[in-house]
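Asks:
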């Protein structure tokens, strides 16, 4: 993985001159004044971990698996959001861990967590390193964040406890547990807990069609291991080439074939979570009425409650046939209506996506053919063994909404380029354009409002950016809107984007959407997430975190406001 | 609803002499020595609520909506498990609330919860009153349960807090919140919070295919209200005629058409939970990656965290066609293999169930034709508009596993009798037989072990009962096993069943199944549930309850161990 960008450096491509011209003429993009930093140039704060602690960590995982060198720290400093890459390209290594620790088993994970809780070392679980929402960075301000208020809260809670005990015990727990969660102010350092060595397929049950994996298995390797048994997960997000199964679960990933295979959280039937307070082992049946589904509390917990050390996943027979095709819909509204009818009539292909007019025109849905787009809106449908029988019925619905078939070529082009967009981003960043994606989801009747709110916000805060959108995942009651933004850089590009992001987050919350459909919360969505679930929702998360991670070492600053 | 049994008393039926003969000859059932008690004969403890509190409750909900009379208390004393009915038939009114309160709005629910938290009154939410797992009873031992240990825990927690604050804050929250949760020892009384007046369909969104309901709407009324819009929920559990939507959500119900329409928790896309500490409002999109899915923490919470005051549910077009048919499979193993293939190949009808050899022989799958069963195993398949196209493919799979079609008559008979079994139970209880149901779920490869474990446990603890089973709900990775037990009464029938139940609960946990697929936890499954989710799972629930319900007033004794 390119340390300051995406993927295999050998696959990096320059933009053709025609595209550079478009960026200059349409968006006013100018080449950056400074060249990107090299890895060796990245500025890091000195490591803070006392030698005593690194020795103790090495005693758990083995000396070679505790890395404190420059390269290891830089490579684990951040995820792959555009601000992450812009910072790294500028040589800013803030947020880098003091050490990278690679446990070799679930038992070693548990031991590292106990040690770090005792020693007050923050732990940032690291899978594929592909977070685009600030899920992987422990910025120093997170560690210091609670400092000024904590003594006050704690004192307040303590003064009131005896009173509350007499009077009904109602209020004291809040202040006290609040104080506990915020206790991360005295953390002595941070490790990235890289799960790359937990890379085994543990068990395949072809009768139940489940497979048990360790969390550090990368998605292509998982597919390779399953293919030996004639099986597949069917989970193909854009991060597929690098992301891990544990990361998919921790961030509630959703893949490009979600219409046929469901979200990743639909695939998880069992899991194990190691926490500083012990291990949670859940999932004795596909579904249960035995209380709340606590698996759903772990899915999406983003390392803030513990480390997923095992996953039992639903698998399917690997398909023998795959067909992708393109459709032209007259407009985004007509296209949404068609997708809605397909979802509500149970006629979903395995892959179903619809670009808006702008994205269709720019052709970013087909990264290798920018500028060649048709008018109208491009839809892609993809079928495999389990969905191929619906192909004619889907065609009838699309035709009924004014759709015209474009044949298999646009489908093949989409399939060919489906994991390429992050490479394209690197080229755009190098050319001086900021490009970033963001997404939301809502009920069908609210999608027009959400679409307008996001576009208006981005246009308002970025001047005249290019804003493209596609519907990437559909459900009976609603869908996901996925936006791509390209803008010329003005001033500090990180500040420029962060201002725009703050504004668009607020617009999404205001328009009634969820702050993320599949990217997650991390640090970048934390405040909007708090607004979405409300004060009592935040209190629930804090209570759970306070119980599983009383020292506040687990991914501090991520998810839990 | 019959106060000591099921349903409309006008629909009650006596058992034919042939069945009585079978019960006598096969099971040794003898008529009970005592006739069942009348409602007026039920023994109740005097109401404990101070007049001041009932006046305050009346100020919130209106005088007519606070009921303290004998009949109201008896009718809210228990749910509809067999031990519940046996106790009521014996005139045992233990567990009755001191008052029944009927709020008229979500705001009134919130006000009642605040009042009850301040006054330390336990609140048992009451929907259709159909719990079969002890979800509705506040037995006095629940209230007194924590008494001896609480002062010790609290003292322990307090003594250690200053120490922990200095040393790392790691352990104190446990003891203290543990103490808080257990504080229900000083509750002054119990109300049943009957949600019957929250009976409105609030909103229909035919674009998003969602409908917002208040929680007290009974299922038939929900279907009637939706039918005016050409819509349906498609949720038909055996409790359909009386259960409420709020109860379905609180207990993670699953209906007879779950193969086609999913579980009730699949239908909930949004909800509002009133708690003593405020209101939680969740669900801005069908699915989200914004953190853990907190909706899944409310679904299955059984009134122990708060009261569901609003539900946004996925709805579907009401079907215009419904077809049910019967199949004979050579044996239960062959039938399970056929169901598994259907689930894993995406070929599910709307209704799919398979009786084992015993249930098929006894014909309890068709309550009106006891004794007329064929050999082999009876399967029922049901189709409507959305699934009818699969009929031939399903038939091919069933045939491939040795199935022979029995035509539509057995299907119609099943449909006709689908809500009748609880009436039959009343007749069996009157005849001196104990009849009860229980259920579990597991992964396909574990079902034979679960099946044997449950049967062996019941045979061991009940002598020679009749144990029947059917697969009632299927998934790609596993299925639900639903058991019906009929036994002669020996000694105290409640004690007799509770011993058997304790043993079979332990057998399910030991054999790796979940303690409930759709009945819930209540009080009857609480200890087995704790074993299923483990100590850390229990701690999570306690932490959440401690935050939302610090006074421990919400359905004390249910769900949370």
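Chains as they are written, first to last, in the working numbering: chain A, -5 to 555; chain B, -5 to 555. For every residue, glycine included, the Cβ atom is placed at its ideal position computed from N, Cα and C. Being a predicted model, the structure only gives us computed values, none of them experimental.
Bridge partners for residue 543/A per DSSP, in chain order?
Replies: Counted from its first residue, the first chain places residue 543/A at position 549. None; residue 543/A has no bridge partner.
Asks: Classify residue 15/A as buried or exposed, calling it buried when 16 or more other Cβ atoms lie within 10 Å of its own Cβ.
Replies: Here residue 15/A corresponds to residue number 21 of the first chain, with the count starting at 1. Exposed, because fewer than 16 other Cβ atoms sit within 10 Å of the Cβ of residue 15/A.
Asks: How should residue 378/B be labelled, buried or exposed, when 16 other C-beta atoms within 10 angstroms of its C-beta is the threshold for buried?
Replies: Taking the second chain and counting its residues from 1, the one referred to as residue 378/B is at position 384. Residue 378/B is buried by the Cβ-count criterion.
Asks: According to a CB-to-CB cut-off of less than 8 angstroms, which residues of the region 505 to 518 of chain A neighbour chain B?
Replies: Flagged, chain order: 506, 507, 508, 509, 510, 511, 512, 513, 514 and 515.
Asks: For the putative contact between residue 427/B and residue 480/B, defined by C-beta atoms under 8 angstroms, what is the C-beta separation to the nearest angstrom?
Replies: As a first step, residue 427/B is located in the second chain; it is residue number 433 there, counting from the start. As a first step, residue 480/B is located in the second chain; it is residue number 486 there, counting from the start. Yes, they are in contact, since the Cβ atoms of residue 427/B and residue 480/B sit about 5 angstroms apart, within 8 angstroms.
Asks: I need the straight-line Cα distance from residue 314/B to residue 301/A, nearest angstrom please.
Replies: By 1-based counting over the second chain, the position of residue 314/B is 320. By 1-based counting over the first chain, the position of residue 301/A is 307. Straight-line Cα distance between these residues: approximately 49 angstroms.
Asks: Chain B partners of residue 245/A, CB-CB under 8 angstroms?
Replies: The residue you call residue 245/A lines up with position 251 of the first chain. Here the neighbours are 283.
Asks: If the cut is a Cβ gap below 9 angstroms, which residues of chain B does residue 250/A touch?
Replies: By 1-based counting over the first chain, the position of residue 250/A is 256. Those do not exist, as residue 250/A stays about 15 angstroms from chain B at its closest Cβ, beyond 9 angstroms.
Asks: On a Cα-Cα basis, can you pick out the residue from 445/B, 91/B and 239/B that is closest to residue 181/B?
Replies: On the second chain, position 187 is the one that residue 181/B refers to. Cα-wise, what sits closest to residue 181/B is 91/B.
Asks: Between residue 125/A and chain B, is any beta-carbon pair separated by less than 8 angstroms?
Replies: Start at 1 with the first residue of the first chain, and residue 125/A comes out as number 131. Not an interface residue.
Asks: So, do the region 445 to 463 of chain B and the region 409 to 417 of chain B have three or more beta carbon pairs nearer to each other than 8 angstroms?
Replies: Touching, no, given that fewer than three Cβ pairs across the two stretches are closer than 8 angstroms.
Asks: Kindly indicate which residue of 343/A, 303/A and 374/A has the alpha-carbon position closest to the one of residue 350/A.
Replies: For the purposes of this step, residue 350/A is taken as residue 356 along the first chain, with counting starting at 1. Nearest C-alpha to residue 350/A: 374/A.
Asks: Measure the alpha-carbon distance for residue 385/B versus residue 279/B and round it to whole angstroms.
Replies: Within the second chain, residue 385/B is the residue found at index 391, counting from 1. Within the second chain, residue 279/B is the residue found at index 285, counting from 1. Using only the alpha carbons, I get a separation of about 33 angstroms.
Asks: Quick check: the Cα distance between residue 28/B and residue 436/B, rounded to an integer number of angstroms?
Replies: As a first step, residue 28/B is located in the second chain; it is residue number 34 there, counting from the start. As a first step, residue 436/B is located in the second chain; it is residue number 442 there, counting from the start. Each residue's Cα considered, the two are about 41 angstroms apart.
Asks: With contact counted as at least three CB pairs below 8 angstroms, one residue from each stretch, are the region 326 to 339 of chain A and the region 283 to 290 of chain A in contact?
Replies: No, the region 326 to 339 of chain A is not in contact with the region 283 to 290 of chain A.
Asks: Any idea which residues DSSP pairs residue 467/B with across the strands?
Replies: Along the second chain, one-based indexing puts residue 467/B at 473. Residue 467/B is bridged to 474/B.
Asks: With a threshold of 8 angstroms between beta carbons, is residue 338/A in contact with chain B?
Replies: Within the first chain, residue 338/A is the residue found at index 344, counting from 1. It does: the Cβ of residue 338/A has a partner Cβ on chain B nearer than 8 angstroms.
Asks: Less than 7 angstroms between C-beta atoms, sequence neighbours within five positions excluded: which residues of the same chain meet that for residue 207/B?
Replies: Position 213 of the second chain, counted from the first residue, corresponds to residue 207/B. Once the five neighbours on either side are set aside, the close Cβ partners of residue 207/B are 195, 196, 216, 239, 305 and 307.
Asks: Starting from the C-beta of residue 10/A, find all residues in its chain whose C-beta is less than 7 angstroms away, skip the five residues before and the five after it, and write them out in chain order.
Replies: On the first chain, residue 10/A is found 16 positions in, with the first residue counted as 1. Once the five neighbours on either side are set aside, residue 10/A has no close Cβ partner at all.
Asks: Between the Cα of residue 346/B and those of 227/B, 439/B, 520/B and 469/B, spot the shortest distance and give me the residue it belongs to.
Replies: One-based indexing of the second chain puts residue 346/B at position 352. Answer by Cα proximity: 469/B.
Asks: Okay, do the region 395 to 403 of chain A and the region 320 to 331 of chain A touch, 3+ Cβ pairs below 8 angstroms being the bar?
Replies: Yes, they touch.
Asks: Give the residues of chain A in contact with residue 203/B, contact being defined as C-beta atoms less than 8 angstroms apart.
Replies: In the second chain, the residue the question calls residue 203/B occupies position 209. Correct list: 338, 438, 470 and 471.
Asks: Run through chain B and tell me which residues come within less than 8 angstroms of residue 106/A, C-beta to C-beta.
Replies: If you number the first chain from 1, residue 106/A lands on position 112. Result: empty, since nearest Cβ-Cβ is about 16 angstroms, beyond 8 angstroms.
Asks: When the Cα atoms are used, what is the spatial distance from residue 125/A to residue 515/A?
Replies: Numbered from 1 along the first chain, position 131 holds the residue referred to as residue 125/A. Numbered from 1 along the first chain, position 521 holds the residue referred to as residue 515/A. If I take the Cα positions, the gap works out to 10 angstroms.
Asks: I'd like to know whether the C-beta of residue 43/A is nearer than 8 angstroms to at least one C-beta of chain B.
Replies: Along the first chain, read from residue 1 onward, the residue named residue 43/A stands at position 49. Judged by the 8 angstroms Cβ criterion, residue 43/A is not in contact with chain B.
Asks: Please compile the residues from chain A whose C-beta is within a distance smaller than 9 angstroms of the C-beta of residue 559/B.
Replies: Residue coverage of chain B in this structure runs from -5 to 555, which leaves residue 559/B outside it and unanswerable.
Asks: Assuming residue 254/B contacts residue 342/B (C-beta within less than 8 angstroms), just tell me the rounded distance between them.
Replies: Walking along the second chain from the start, residue 254/B turns up at place 260. Walking along the second chain from the start, residue 342/B turns up at place 348. With 8 angstroms as the limit, residue 254/B and residue 342/B qualify as a contact, their Cβ atoms being about 7 angstroms apart.
Asks: Are there 16 or more other CB atoms within 10 angstroms of the CB of residue 75/A, so buried, or fewer, so exposed?
Replies: Residue numbering aside, residue 75/A sits at position 81 when the first chain is read from its first letter. With 16 or more other Cβ atoms within 10 Å, it is buried.
Asks: Identify every residue that forms a DSSP beta bridge with residue 548/B.
Replies: Translated into the one-based positions of the second chain, residue 548/B becomes position 554. Beta-bridge pairing links residue 548/B to 117/B.
Asks: Does the structure place the region 183 to 191 of chain B close enough to the region 111 to 119 of chain B that three or more beta carbon pairs sit under 8 angstroms?
Replies: Counting Cβ pairs under 8 angstroms, three or more are found: they touch.
Asks: Return the residue from the list 77/B, 241/B, 407/B and 37/B that minimises the CA-CA distance to residue 376/B.
Replies: Position 382 of the second chain, counted from the start, is the residue given in the question as residue 376/B. Ranking 77/B, 241/B, 407/B and 37/B by Cα distance to residue 376/B puts 407/B first.
Asks: How close, in whole Å, do the beta carbons of residue 267/A and residue 273/B come, if the pair is a contact with beta carbons under 8 angstroms?
Replies: The sequence position of residue 267/A within the first chain is 273, counting from 1. The sequence position of residue 273/B within the second chain is 279, counting from 1. Not confirmed; about 29 angstroms, so no contact.
Asks: Within the continuous alpha helix (DSSP H) that includes residue 454/A, where are the two ends?
Replies: Here residue 454/A refers to the residue found at position 460 of the first chain. Residue 454/A -> alpha helix (DSSP H) spans 441 to 456.
Asks: Tell whether a beta-carbon distance below 8 angstroms holds between residue 20/B and residue 87/B.
Replies: For the purposes of this step, residue 20/B is taken as residue 26 along the second chain, with counting starting at 1. For the purposes of this step, residue 87/B is taken as residue 93 along the second chain, with counting starting at 1. It is not a contact, given that the beta carbons lie outside the stated cut-off.
Asks: Quick check on the burial criterion: 16 or more other C-beta atoms within 10 angstroms. Buried or exposed for residue 518/B?
Replies: Numbered from 1 along the second chain, position 524 holds the residue referred to as residue 518/B. The residue in question, residue 518/B, is buried, as its Cβ has 16 or more Cβ neighbours within 10 Å.
Asks: Residue 16/B by DSSP, collapsed to three states: which one?
Replies: Taking the first residue of the second chain as 1, we reach residue 16/B at position 22. Looking at residue 16/B - three-state DSSP - the assignment turns out to be helix.
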